[in-house]
Structure formats: C-alpha cells, structure tokens
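Undergrad: Offset between the sequence shown (1-based) and the working numbering: plus 51.
Here you go, one structure.
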Amino acid sequence: MKRFLSKTERQALAKTVAQWRQALDPSDEERHGPFAMLKRADRAQLRRCAAPEEVLLQSAFHRLLQELRRQDLDVRADELALAAGVAAHATHAPGKEFARSLGRKNESGREAMSELRFRQLQTCRDEDSFYRQARRAVDLLGGEVDVGKLAVDLLQWVWEFREADPALPPRERLKLRWAADYYHESLREADQEPA
C-alpha cells in the first residue's frame, strides 16, 4: 500500500503542523483555533522525548493528530510521532528548506552539517537513530527551518523506510531530493568563492 499524500494534502499537513508548532510557544494574542490550549510546557515535554514512542504519550501530539484527522488527512499516529518530535525542536522559518539549509555555508565557510554527518543522516538503519540524527540536524540549523515542509519530509522518510517502493520515480524519493538540495547548496556556494 502506497502511503504518499497528494500535493493538496501535503500543503494542508504542512500548514497544520506549522500552526501547531507555533502554538507551542504562544503569546496571549495568539490563543485561538484548534491549538489554543497548548503551552510552552507541552513543547518542553516533547523536546524531552528520546524516541518517537515517547512522543506518542504526549497530549500535545494527540491534539495535532486529532486536528489532522478532523481534516481527513490519512496519517497514522506512529508515523506522525517522529515528525512531531523533531518539529518540537525547531522554530518555524517559512521557506527555509531543511536539506538545502544543511548544505549552506555558515560564517566560518563550512556547511551547517558536514558531508559526513549528512551521509550518516541519509543512511540511518532504524527510526530511533534517524530521529536522533534529525534532531541534531535541526539543532545545527539553530532550530530554524520550515517546520511544515520538514514534517512532510519526515513523514515521507518514515513511509519510504517502512515500505520502499522501487516504482517511485527517483525525483520523488526523499533521500535523492535531500542529497540534490544539500549538494546544490554546498557546491553553489563553493562556486562563488574567489579562486
């Protein structure tokens, strides 16, 4: 069974996860909508989760899952847990793509994530190690990433990991897309350096 979302569903999921993440750091005027009851303490609990299974035990996670189901988005709790746990470590920065940002050079002229660490992220052999690596990657970006797009990517990672589909066109495979984004950014900035 293929577990991929349509473009419209991906956009709806991304928007909802971004709203949920922003609600975890509420200001008084932002307390409305489906996530009005969330507090900073909910984010702190999510950030302490060492594995996706622990995320499943958090009420803030179930509030997100409930809202996605209300929107008829076909996402299972065990699949969403990894994405929600990593998203709790991020700050929403619209348009800041994950893999591209990892390849972008910082002030010292190095990629935010070294090529070796990027390869380790790409070759994780289980969900728990991928969860830890993805959290570290978000930390290397100072937490700033487009949370909605990241959540969609992380869900795709889970689906591809659990049920590899050899018929999936290469351009739609997450690992290949992330590699293209990372190296495009890394090499683009290298090409701009004076000789």
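Virtual Cβ for every residue (Gly too), placed ideally from N, Cα, C.
For Thr-142, which of helix, strand or coil comes out of DSSP?
TA: Correct three-state label for Thr-142: strand.
Undergrad: How is the alpha helix (DSSP H) around Arg-213 delimited, first residue to last?
TA: Segment 198-213, the alpha helix (DSSP H) holding Arg-213.
Undergrad: Tell me, which residues are paired with Lys-147 by DSSP?
TA: Per DSSP, none; premise fails for Lys-147.
Undergrad: Pull up the distance between the alpha-carbon of Leu-64 and that of Ala-138, whole angstroms please.
TA: Taking the straight line joining both Cα atoms gives about 13 Å.
Undergrad: Evaluate Leu-238 with the Cβ neighbour count: other Cβ atoms within 10 Å of its Cβ, from every protein chain shown; 16 or more gives buried, anything less gives exposed.
TA: Looking at its Cβ environment, which holds fewer than 16 other Cβ atoms inside 10 Å, Leu-238 is exposed.
Undergrad: How would you label Pro-217, buried or exposed, when you count the other beta carbons within 10 angstroms and need 16 or more for buried?
TA: Pro-217 comes out exposed.
Undergrad: Just to confirm the assignment, what range does the alpha helix (DSSP H) spanning Glu-166 have?
TA: Unbroken alpha helix (DSSP H) run through Glu-166: 166-173.
Undergrad: If you draw a straight line from the alpha carbon of Arg-170 to that of Leu-75, how long is it in whole angstroms?
TA: Taking the straight line joining both Cα atoms gives about 31 Å.
Undergrad: As an exercise, report each continuous beta strand (DSSP E) stretch of at least 3 residues that is fully enclosed by the region 66-105, in chain order.
TA: Listed in chain order, there is nothing to give.
Undergrad: For the region 170-184 against the region 195-204, do three or more pairs of beta-carbon atoms, one drawn from each stretch, fall closer than 8 Å, so that the two count as touching?
TA: At 8 Å Cβ cutoff, the stretches do not touch.
Undergrad: Which whole-angstrom value describes the C-beta separation of Cys-100 and Gly-136, a residue pair presumed to lie in contact below a C-beta threshold of 8 Å?
TA: About 5 Å; that satisfies the 8 Å criterion.
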